[in-house]
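Since the structure comes first, as structure tokens, the remarks are kept for the end.
Number of protein chains: 2
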Amino acid sequence: MTTRIIRHIGELITNDPNMGDGTKVGRITDAALVVDDARVLWSGPDRNAPAADEMIDVGGAAVIPGFVDPHTHVIFAGERSDEFEARMAGVAYDGGGIARTVAATRAANIGDLREQSSARVDDLRTGGVTTVEIKSGYELTVAGELRLLALARELGDEVTFLGAHVVPEEFRHDRDGYVALVAGPMLEACASRATWADVFCDQGAFSVDEARHILSSARQLGLGLRLHANQLADIGAIALAVEMDCASVDHCTHVRDHDVERLASSLTVVTLLPGAEFSTRSPYPSARRFLDAGACVALATDCNPGTSYVTSMAFVVALAVREMGMSVDEALWASTRGGATALRRDDIGHLSVGARADFAVLDAPRAAHLAYRPGSSLVASTYRARR
Amino acid sequence: MTTRIIRHIGELITNDPNMGDGTKVGRITDAALVVDDARVLWSGPDRNAPAADEMIDVGGAAVIPGFVDPHTHVIFAGERSDEFEARMAGVAYDGGGIARTVAATRAANIGDLREQSSARVDDLRTGGVTTVEIKSGYELTVAGELRLLALARELGDEVTFLGAHVVPEEFRHDRDGYVALVAGPMLEACASRATWADVFCDQGAFSVDEARHILSSARQLGLGLRLHANQLADIGAIALAVEMDCASVDHCTHVRDHDVERLASSLTVVTLLPGAEFSTRSPYPSARRFLDAGACVALATDCNPGTSYVTSMAFVVALAVREMGMSVDEALWASTRGGATALRRDDIGHLSVGARADFAVLDAPRAAHLAYRPGSSLVASTYRARR
Chain A
13 MTTRIIRHIG
23 ELITNDPNMG
33 DGTKVGRITD
43 AALVVDDARV
53 LWSGPDRNAP
63 AADEMIDVGG
73 AAVIPGFVDP
83 HTHVIFAGER
93 SDEFEARMAG
103 VAYDGGGIAR
113 TVAATRAANI
123 GDLREQSSAR
133 VDDLRTGGVT
143 TVEIKSGYEL
153 TVAGELRLLA
163 LARELGDEVT
173 FLGAHVVPEE
183 FRHDRDGYVA
193 LVAGPMLEAC
203 ASRATWADVF
213 CDQGAFSVDE
223 ARHILSSARQ
233 LGLGLRLHAN
243 QLADIGAIAL
253 AVEMDCASVD
263 HCTHVRDHDV
273 ERLASSLTVV
283 TLLPGAEFST
293 RSPYPSARRF
303 LDAGACVALA
313 TDCNPGTSYV
323 TSMAFVVALA
333 VREMGMSVDE
343 ALWASTRGGA
353 TALRRDDIGH
363 LSVGARADFA
373 VLDAPRAAHL
383 AYRPGSSLVA
393 STYRARR
Chain B
13 MTTRIIRHIG
23 ELITNDPNMG
33 DGTKVGRITD
43 AALVVDDARV
53 LWSGPDRNAP
63 AADEMIDVGG
73 AAVIPGFVDP
83 HTHVIFAGER
93 SDEFEARMAG
103 VAYDGGGIAR
113 TVAATRAANI
123 GDLREQSSAR
133 VDDLRTGGVT
143 TVEIKSGYEL
153 TVAGELRLLA
163 LARELGDEVT
173 FLGAHVVPEE
183 FRHDRDGYVA
193 LVAGPMLEAC
203 ASRATWADVF
213 CDQGAFSVDE
223 ARHILSSARQ
233 LGLGLRLHAN
243 QLADIGAIAL
253 AVEMDCASVD
263 HCTHVRDHDV
273 ERLASSLTVV
283 TLLPGAEFST
293 RSPYPSARRF
303 LDAGACVALA
313 TDCNPGTSYV
323 TSMAFVVALA
333 VREMGMSVDE
343 ALWASTRGGA
353 TALRRDDIGH
363 LSVGARADFA
373 VLDAPRAAHL
383 AYRPGSSLVA
393 STYRARR
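If you read the protein sequences in the order shown, they are chains A and B.
Just so you know, we're using this note's numbering here: the first sequence kicks off at 13 and counts up by one.
Just so you know, we're using this note's numbering here: the second sequence kicks off at 13 and counts up by one.
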């Protein structure tokens with residue numbers, strides 16, 4: 013296999029604390045990185061660089077592990093900018109919310125759906141994302157969710173079944189019937205097409221008991237678990253996520269001290285989605301509170317048409333630093349290795365020897381520019397290992 | 013001259029209230045736009061589109077007037093991301109502030125300075141900016157400021173002399189001597205190379221009396237006036253800007269009711285720079301307060317290496333909507349026609365017949381996506397009229 017060396021890296025973020033400056037992000041200045049088509053073979057000071065078949069000189073640019081985006085809803089049709097405008101103006105108009113996207117997605121033919129969705133995945137990739145999780149959840153029928161999962165597998169890296177996104181219109185008067193459908197036939201049909209199951213467990217969505225029932229079925233079918241929890245209100249969803257050993261509990265805007273303690277002593281990652289708070293003008297959760305307690309924090313775009321139409325992880329990093337009390341290094345780690353941990357992956361999100369050769373070259377000498385120069389992508393090129 | 017028609021525009025923002033929906037942004041849906049190399053010839057419903065030599069079909073995309081960025085400091089050498097990180101972490105370290113950039117800029121040869129600065133202007137242009145104001149202010153010697161003004165003319169559209177940015181190190185013990193230099197020999201040497209003069213009038217910068225003295229000299233030399241005012245504290249700078257009939261008073265973070273009243277009954281535009289509040293974690297001024305009083309509001313990037321390394325007007329629009337209480341239409345107007353007004357230009361910032369053919373085609377069906385999809389540029393292509 014061809015080997016390739018990336019030379020004259022101004023700052024290499026390895027996320028390996030045994031490398032470089034010994035911090036959690038394992039920073040090496042004046043570095044080089046050697047990869048083959050699949051894996052990292054070597055990294056270290058540029059002056060010690062070994063030979064390789066090909067050489068790329070990045071002229072002092074920073075290199076980071078590829079972003080891992082562990083929470084997206086990128087497969088959908090239509091858009092809801094009118095809802096956004098109304099919300100920003102303080103006008104009571106929701107235009108239909110998730111149900112509107114469900115209607116548009118159901119009505120879209122597969123070609124249109126693929127075209128619109130893959131454009132969003134391309135935006136993420138151009139912005140440095142090398143691993144993207146994609147959820148279903150905008151069809152809410154057995155056949156429809158299967159169609160979305162197939163597209164998620166085609167376009168993304170990790171596939172999550174989210175039949176429990178909302179109760180669809182046709183089950184408005186039979187909520188229990190929909191929960192039974194999701195936990196039964198829908199999950200049975202979908203389980204082999206996904207790695208993960210997720211539930212929107214919140215006020216106005218699914219209750220803790222409903223979520224427990226659905227997640228239990230999913231676990232029996234071999235799926236890993238994740239949870240949307242306490243974005244809108246504290247309904248006890250974080251405790252459920254820990255109880256069920258979810259890989260990730262996402263949003264966590266409304267959180268109590270005992271939730272933080274539970275998370276800190278669990279393997280459940282807290283995935284924060286500041287694009288949602290930005291786009292809904294909601295208070296940001298404090299990442300500091302989780303970090304100071306010792307919980308593991310990840311960052312994600314939450315890309316969706318209602319509450320966070322965000323396709324830039326650099327923007328998420330900038331928001332995490334500006335609004336959530338994270339240091340630049342903490343946000344860098346959370347957007348790469350944190351996301352990997354939220355997907356229970358240890359082959360991505362870092363650049364130790366043997367890791368996947370997934371990385372991004374920045375148009376900047378230091379990775380801190382991702383937050384220092386907000387609103388620009390700053391990713392010059394994204395390298396994804398052969399899959 | 014060749015004529016060109018842009019067809020199948022999903023939403024055309026003309027900023028001409030006599031066009032389309034009759035709002036301030038003059039929105040026409042299903043529109044077409046006809047231009048030649050220099051000017052707008054026609055706009056209206058696509059079904060009424062006249063013939064032209066060339067046709068561009070934008071397939072339902074939105075088209076807006078090119079952004080006008082009336083406040084940048086894009087010509088500088090070096091970077092100060094370490095200061096940014098320290099500030100975000102709450103650590104007392106300023107690394108030298110503006111003086112550090114002055115030292116780096118003085119030390120840079122013209123080739124390096126041009127390369128670094130033009131990359132930033134390219135970023136602005138790619139993001140839809142068709143008119144950019146550029147200030148000097150990072151050399152603070154007669155020869156140095158002349159060098160920066162020449163580069164500003166080469167790279168930008170409107171050139172502003174900002175010798176009164178800070179008192180340079182070598183005048184630390186002779187503040188009055190520096191003010192006399194700026195108001196005298198420096199302005200005399202620089203006046204023919206600039207259209208505007210600006211002063212950083214704030215706590216720790218120049219006083220109201222010093223600013224009045226410098227601006228008076230500039231006016232006598234035929235320059236238009238602008239002012240950095242009350243970013244850090246209320247020192248009465250807004251009243252000075254109105255007194256001197258400045259075209260624009262910029263920042264206005266600390267503002268009293270009588271300042272708002274003065275502005276509303278003046279021709280002085282309030283230019284807001286939310287990238288600075290984002291990057292310094294400072295409270296945002298309320299655009300609503302100015303708008304509700306009837307003052308004219310513009311938006312700008314304030315691109316500079318210390319407090320707002322921002323090169324995306326789309327990001328500025330998104331911040332103005334999220335953080336400053338502006339509606340999407342108000343932010344659109346402020347970032348286009350507002351900026352033009354802050355530069356006392358009526359040939360740009362709108363797409364009435366006879367206006368310059370400066371416009372941007374978005375990768376979105378509605379201009380509201382600029383705020384709805386924060387962190388992405390969304391500008392598919394920028395068209396600048398022949399100069």
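Every residue, glycine too, gets a C-beta built ideally from N, C-alpha and C.
Just so we're clear, the structure is a prediction, and the values are computed from it rather than from any experiment.
How long is the line joining the alpha carbons of Pro-286/A and Val-328/A, rounded to whole angstroms? Reading the first sequence from its first residue, position 274 is the one you call residue 286/A. Reading the first sequence from its first residue, position 316 is the one you call residue 328/A. Approximately 6 angstroms, taken between the alpha carbons.
For the ligand ATP, any of its heavy atoms closer than 7 angstroms to the Cβ of Asp-124/B? Of ligands this structure carries none, so the ligand ATP is not represented either.
Is the Cβ-Cβ distance between Gly-109/B and Ala-326/B less than 8 angstroms? Locating residue 109/B in the second sequence gives position 97, where the first residue counts as 1. Locating residue 326/B in the second sequence gives position 314, where the first residue counts as 1. Cβ distance not < 8 angstroms, so Gly-109/B and Ala-326/B don't count as in contact.
CA-to-CA distance, Met-100/A to Asp-257/A, given in whole angstroms: Residue numbering aside, residue 257/A sits at position 245 when the first sequence is read from its first letter. Residue numbering aside, residue 100/A sits at position 88 when the first sequence is read from its first letter. Between Asp-257/A and Met-100/A, the C-alpha separation is close to 37 angstroms.
Given that Pro-286/A touches chain B, what residues does it touch there, using C-beta distances under 9 angstroms? As a first step, residue 286/A must be located in the first sequence, where it is residue number 274. Within chain B, no residue comes near Pro-286/A; the closest Cβ sits about 10 angstroms away, beyond 9 angstroms.
How many Å lie between Ala-223/A and Gly-102/B at the Cα? As a position in the first sequence, residue 223/A is number 211, starting the count at 1. As a position in the second sequence, residue 102/B is number 90, starting the count at 1. If you take the alpha carbons of Ala-223/A and Gly-102/B, they lie about 40 angstroms apart.
For a test of the three-state rule: what should DSSP assign to Gly-287/A, helix, strand or coil? Counting from one through the first sequence, the residue named residue 287/A turns up at place 275. Gly-287/A falls in the helix class under three-state DSSP.
Can you give me the C-alpha to C-alpha distance between Glu-91/A and Leu-390/B, rounded to a whole angstrom? Numbered from 1 along the first sequence, position 79 holds the residue referred to as residue 91/A. Numbered from 1 along the second sequence, position 378 holds the residue referred to as residue 390/B. Near 15 angstroms, if we compare the C-alpha coordinates of Leu-390/B and Glu-91/A.
Tell me, please, which residues DSSP counts as bridged to Leu-208/A. Locating residue 208/A in the first sequence gives position 196, counting from the first residue. At residue 208/A the sequence reads Trp, which differs from the Leu that was named. By DSSP's assignment, Trp-208/A forms a beta bridge with Thr-172/A and Gly-236/A.
Which residues of chain A have a Cβ atom closer than 9 angstroms to the Cβ of Gly-108/B, listed in chain order? Taking the first residue of the second sequence as position 1, residue 108/B is located at position 96. Those within 9 angstroms of Gly-108/B in chain A number zero; the least Cβ separation is about 16 angstroms.
If contacts are defined as beta-carbon pairs under 8 angstroms, then Val-75/B and Val-373/B qualify, I think. What distance do you get, rounded to the angstrom? By one-based count along the second sequence, residue 75/B stands at place 63. By one-based count along the second sequence, residue 373/B stands at place 361. With a Cβ gap of about 5 angstroms, Val-75/B and Val-373/B count as contacting.
Just tell me which of Gly-234/A, Asp-81/A, Val-267/A and Ala-259/A has its CA closest to the CA of Ile-247/A. Sequence index remark: in the first sequence, residue 247/A carries index 235 (1-based). Answer by Cα proximity: Val-267/A.
Does DSSP put Ile-250/A in a helix, a strand or coil? The residue labelled residue 250/A in the question sits at position 238 within the first sequence. Three-state result, Ile-250/A: helix.
8 angstroms Cβ cut-off: residues of chain A touching Val-133/B: Within the second sequence, numbered from 1, the residue matching residue 133/B stands at position 121. Counting only Cβ-Cβ distances below 8 angstroms, Val-133/B has no contacts in chain A at all, with the closest Cβ about 13 angstroms away.
So which residues on chain A does Arg-378/B lean against when the C-beta distance must stay under 7 angstroms? In the second sequence, the residue the question calls residue 378/B occupies position 366. Correct list: Ser-93.
Just to confirm, is the Cβ distance from Pro-377/B to Ala-73/B under 8 angstroms? For the purposes of this step, residue 377/B is taken as residue 365 along the second sequence, with counting starting at 1. For the purposes of this step, residue 73/B is taken as residue 61 along the second sequence, with counting starting at 1. Yes. Within cutoff.
Along the beta strand (DSSP E) that carries Arg-39/A, what are the first and last residues, could you check? Taking the first sequence and counting its residues from 1, one reaches residue 39/A at position 27. Where Arg-39/A is concerned, the enclosing beta strand (DSSP E) stretches over 39-47.
How far does the beta strand (DSSP E) with Ser-260/B in it extend, from its first residue to its last? The residue given as residue 260/B occupies position 248 in the second sequence. From DSSP, the beta strand (DSSP E) with Ser-260/B extends over 260-263.
Is it buried or exposed, Asn-30/A, if we count other Cβ atoms within 10 angstroms and call 16 or more buried? What you label residue 30/A is simply residue 18 of the first sequence in a count that begins at 1. Classification of Asn-30/A: exposed, given that the 10 Å Cβ count is below 16.
If you follow the beta strand (DSSP E) that Asp-106/B is part of, which residue opens it and which one closes it? The residue given as residue 106/B occupies position 94 in the second sequence. Counting along the chain, Asp-106/B falls outside any beta strand (DSSP E), and DSSP gives it neither H nor E.
Check whether chain A comes within 8 angstroms of Gly-12/B, counting only Cβ atoms and requiring the distance to be less than that. The question about residue 12/B has no answer here: the residues shown for chain B are numbered 13 through 399.
Measure the beta-carbon distance from Leu-235/B to Ala-217/B and round it to whole angstroms, keeping in mind my assumption that it falls under 8 angstroms. Sequence index remark: in the second sequence, residue 235/B carries index 223 (1-based). Sequence index remark: in the second sequence, residue 217/B carries index 205 (1-based). About 19 angstroms; that fails the 8 angstroms criterion.
Classify Pro-295/B as buried or exposed, calling it buried when 16 or more other Cβ atoms lie within 10 Å of its own Cβ. Within the second sequence, residue 295/B is the residue found at index 283, counting from 1. So Pro-295/B ends up on the exposed side.
By the criterion of Cβ-Cβ separation under 7 angstroms, what are the contact partners of His-381/B in chain A? Counting from one through the second sequence, the residue named residue 381/B turns up at place 369. Ser-93, listed in chain order.
Is Glu-97/B close to chain A, meaning its C-beta is less than 8 angstroms from at least one C-beta of that chain? Translated into the one-based positions of the second sequence, residue 97/B becomes position 85. Judged by the 8 angstroms Cβ criterion, Glu-97/B is in contact with chain A.
Kindly indicate the opening and closing residues of the beta strand (DSSP E) around His-20/A. Against the first sequence, residue 20/A aligns to sequence position 8. Segment 16-25, the beta strand (DSSP E) holding His-20/A.
Run through DSSP, which three-state label would Asn-242/B get? Working through the second sequence from its first residue, we reach residue 242/B at position 230. Looking at Asn-242/B - three-state DSSP - the assignment turns out to be coil, as it is neither helix nor strand.
Residues of its chain near Glu-127/A, where Cβ-Cβ distance is below 7 angstroms and the 5 sequence neighbours each way are ignored: Numbered from its first residue, the first sequence carries residue 127/A at position 115. Excluding sequence neighbours, Glu-127/A sits near nothing in its chain.
Anything in the segment 298-328 of chain A with a Cβ closer than 8 angstroms to a Cβ of chain B? List those residues in chain order, please. Tyr-321, Val-322, Thr-323, Ser-324, Ala-326, Phe-327 and Val-328
So is Met-100/A in contact with chain B if we call contact Cβ pairs under 8 angstroms? The residue given as residue 100/A occupies position 88 in the first sequence. By this cut-off, Met-100/A is an interface position.
Does Phe-290/A come within less than 8 angstroms of chain B when only Cβ atoms are used? Position 278 of the first sequence holds residue 290/A. Yes, because at least one Cβ of chain B sits closer than 8 angstroms to the Cβ of Phe-290/A.
Can you pull the chain A neighbours of Arg-293/B, defined as C-beta to C-beta under 7 angstroms? In the second sequence, residue 293/B corresponds to position 281, counting from 1. Around Arg-293/B, the beta-carbon contacts reaching into chain A at under 7 angstroms are Arg-334.
Hey, could you find the ends of the beta strand (DSSP E) Met-67/B is sitting in? To locate residue 67/B, count along the second sequence from 1; it is residue 55. Unbroken beta strand (DSSP E) run through Met-67/B: 66-69.
Here's the rule: buried if 16 or more other CB atoms are within 10 angstroms of the residue's CB, otherwise exposed. What is Thr-348/A? By one-based count along the first sequence, residue 348/A stands at place 336. With 16 or more Cβ atoms within 10 Å of its Cβ, Thr-348/A is classed as buried.
Just checking: is the beta-carbon of Val-373/B within a distance shorter than 8 angstroms of some beta-carbon in chain A? By 1-based counting over the second sequence, the position of residue 373/B is 361. Closer than 8 angstroms: no.
Could you please give me the residues that DSSP links to Phe-183/A through a beta bridge? In the first sequence, counting from the first residue as 1, residue 183/A sits at position 171. Bridge partners of Phe-183/A according to DSSP: none are assigned.
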